[in-house]
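Numbering (this note's numbering), first residue to last: 0 to 123.
Right under this line is the structure:
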């Protein structure tokens, strides 16, 4: 999410930021997604916070950006991810590799400095 600022932004919008011409403004996604004012216990793994009936601001979680210019591939990516995760979990148990603990590295998106290693144990 690295876009230039439109000259003459409308101060009546929800958020108004004034910056010199040519300055790049970047949203800190990790901070947004781990904001304790929005997410109770933000470091806790809690898939229920994404349930359809859970109230939250529409822009409190932005894995594909937001608004009119969000990612054109969002729906396809979400559908593809659900199929891949479901098929993987039907066939395997996923176990973290205890000898290779991920080292979080905050960039535009959170990633691991040393990778993420899993052991897949075949079911049945």
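Just so it is clear, CB atoms sit at the ideal spot from N, CA and C, and this is done for glycine as well.
- DSSP places residue 109 in the strand class (E or B) of the three-state scheme.
- When the beta-carbon positions are compared, residue 94 and residue 112 stay at least 8 Å from each other.
- Between the segment 46-54 and the segment 78-88 there are fewer than three inter-stretch CB-CB distances shorter than 8 Å, so the stretches are not counted as touching.
- A check of alpha carbon separations from residue 34 across 103, 59, 117 identifies 59 as the nearest.
- For residue 84 and residue 123, the gap between their C-alpha atoms comes out near 18 Å.
- Residues of the same chain with a CB within less than 7 Å of the CB of residue 38, apart from the 5 flanking positions on each side, are 48 in chain order.
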